Amino acid sequence: MTNLGLTERENLRIALLSGGQRKRVSVGVELLRRPPLIFLDEPTSGLDPFAEFKLMELLRRLADTGCTVICTTHVMENVYLMDQIAVISAGRVIFQGPPESARARFGVTRLSGLYDALQTIDPKLLHSVPSPPLPDNLEPAEKRIPAAKGKQAFALPILLQRQFTIFRSDLKNLLIVIGQPLIIGVLVCWVSSNPPLAQFFAYIATLWFGCSNSAQEIVKEVPIYRRERLVGLSRWSYLLSKFLWMGTLTNLQSLILYACIIIAGRVWPPAIGWQLVGLFLLGYAATGIGLTISAIARSALQAVMLVPLILIPQILFSGYSVRTVDMSPPVLLVSQIMPSFAAQRIGDASSLLFRQIDGDLIKDENYYVSYTNMNQWHRAAEGKRLGTGDQLLNPRPIFVGYLSLILWTIAGFFASYFVLARKERD
517 MTNLGLTERE NLRIALLSGG QRKRVSVGVE LLRRPPLIFL DEPTSGLDPF AEFKLMELLR
577 RLADTGCTVI CTTHVMENVY LMDQIAVISA GRVIFQGPPE SARARFGVTR LSGLYDALQT
637 IDPKLLHSVP SPPLPDNLEP AEKRIPAAKG KQAFALPILL QRQFTIFRSD LKNLLIVIGQ
697 PLIIGVLVCW VSSNPPLAQF FAYIATLWFG CSNSAQEIVK EVPIYRRERL VGLSRWSYLL
757 SKFLWMGTLT NLQSLILYAC IIIAGRVWPP AIGWQLVGLF LLGYAATGIG LTISAIARSA
817 LQAVMLVPLI LIPQILFSGY SVRTVDMSPP VLLVSQIMPS FAAQRIGDAS SLLFRQIDGD
877 LIKDENYYVS YTNMNQWHRA AEGKRLGTGD QLLNPRPIFV GYLSLILWTI AGFFASYFVL
937 ARKERD
């Protein structure tokens, strides 16, 4: 902020800055990546003389730090700040050298008179200046590229810091992040005393948090992203910053909601650890789905409209609203690849794991869905029903659910990566 001369304006929104200050902010955005080379097209257009001078002075100081700054301009008053200038006429470079040499070459005392001098010269008499040879000590391009790419490793902390700065700039963001799961958790516990039902709502809410939180993250930033890609932003770093930040927010919300369920006594205590891991994995899987939606959508409104198309099937194929024993084989096959089914399987298995099966549990309407789902799985895996006096001792359904959610997380990240890569070419 100090180098940009914006220290006194650092807490203002960009919309409240003057034209010259906005130009300096734009330059500052490019400097976040610490690029070795910057191209600027008419950076002083539309600025008053003082703002123009301050911006050119900033570029001069930037060049003194070792960054190469190349810019086009039709305003010649401050060209003396540059190390070299190239004059183009009729599509040809007719001069290249220090500003002082340009005055002598075209016979002008001030560079502002250069355009008048060019009007009196026949373009046919102007000779193109040959490109200067590369210095002998300049490394080949293939050796220089890895050094530039090495800086991309530092992009992730910067991008995460930017996400945090944007988030904390508006108090409403924090209130929404905390308020949503708190209100939903209280309502769920108030409406029902059924533990599996409360856990089902926690899974669906986590899917909703993850998808809705990230569904607009990419599509609303496409112009910014494309500009930053031009200065070397890594697609991996960009997506990973979104994934980590939105996934963490989603898991914070799911943790608040699940804490309400625990406090209300809607969870069998031995199942808490298993279910928390499942919720966190589900949060990242939902984030990956949301980022894929955001990469596919062409507008923020379209992204919002796509979210219900993802969430409603999650409810239908979860294994809770329709038990697995009531599903036809094709429906069950589709259900088994759904993240909501994996989460529900974790909930069902953890609620009965190492628990004595007795008549009261089998008849308990609260655990009826969990028991029938796991009884079907036990028959397929062990060859017998889960009857009175038995215990569910095999945690394999839980680990299969974990694996399914991990695969969904990876698939969501790579899907958003490749869709975003394709969008760059459009």
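For my numbering, add 516 to where a residue sits in the sequence shown, where the first one is 1. C-beta: ideal position from N, C-alpha, C; glycine also. What you are looking at is a predicted structure, and each value in this text was computed from that prediction instead of being measured.
So, residue i versus residue j, is the Cβ gap smaller than 8 Å?
i: P959; j: Y596; result: Outside the modelled stretch of the chain, which goes from 517 to 942, sits residue 959, for which no answer is possible.
i: G763; j: G799; result: yes
i: F759; j: T803; result: yes
i: Q732; j: V820; result: yes
i: M592; j: L627; result: yes
i: V841; j: Q892; result: yes
i: E940; j: R742; result: yes
i: A620; j: L630; result: no
i: P552; j: K539; result: no
i: G701; j: L773; result: yes
i: L795; j: S770; result: yes
i: F611; j: V603; result: yes
i: G806; j: C727; result: yes
i: R871; j: L908; result: yes
Whose C-alpha, out of the options, is nearest the C-alpha of residue i?
i: V935; options: K879, L532, I812, I878; result: I812
i: Q696; options: F759, A721, Q677, R871; result: A721
i: I853; options: L868, S837, F833, S844; result: F833
i: P824; options: F725, N767, R901; result: F725
i: Y884; options: P711, A606, L687; result: P711
i: S753; options: G562, L675, G899, Q860; result: L675
i: L713; options: E881, L921, A602, E744; result: E881
i: T523; options: V541, A531, F569; result: V541
i: I831; options: Q818, D632, S856; result: S856
i: R576; options: I554, G562, L563, K900; result: I554
i: P913; options: E898, D906, G903, E744; result: E898
i: Y933; options: S810, S886, R901, G875; result: S810
i: D686; options: R529, M890, R525, A931; result: R529
i: G905; options: I878, V545, I637; result: I878
Taking only three categories from DSSP, how would you classify residue i?
i: V783; result: coil
i: F611; result: strand
i: Q852; result: coil
i: Q907; result: strand
i: L869; result: strand
i: L522; result: coil
i: M843; result: coil
i: S647; result: In this prediction, S647 has a pLDDT of 48, which is less than 50 and means its spatial position is unreliable; what the coordinates show is noted afterwards. S647: coil per DSSP, three-state reduction.
i: I922; result: helix
i: E940; result: helix
i: I734; result: coil
i: I637; result: coil
i: E881; result: coil
i: R901; result: coil
i: V707; result: helix
i: D876; result: helix
So, is residue i buried or exposed, given that buried needs 16 or more other C-beta atoms within 10 angstroms?
i: H590; result: exposed
i: I926; result: exposed
i: T584; result: exposed
i: A664; result: Low confidence applies to A664: its pLDDT is 41, below 50, so where it sits in the model is not reliable, and the reading given next is rough at best. Exposed, by the Cβ-count rule.
i: A671; result: buried
i: S844; result: exposed
i: R938; result: exposed
i: Q537; result: buried
i: W924; result: buried
Could you check whether the Cβ of residue i sits closer than 8 Å to any Cβ belonging to chain D?
i: S837; result: Looking at the structure shown, chain D is missing, and only one protein chain is on hand.
Which runs of the alpha helix (DSSP H) fall wholly inside the stretch 545-630 and span at least 4 residues, in chain order?
-> Note on the stretch 545-630: whole alpha helix (DSSP H) runs with a minimum of 4 residues are 565-580, 615-622, in chain order.
Taking only runs that begin and end inside the stretch 770-819, name each unbroken alpha helix (DSSP H) of 4 or more residues, in chain order.
-> Complete alpha helix (DSSP H) runs here, min 4: 788-812.
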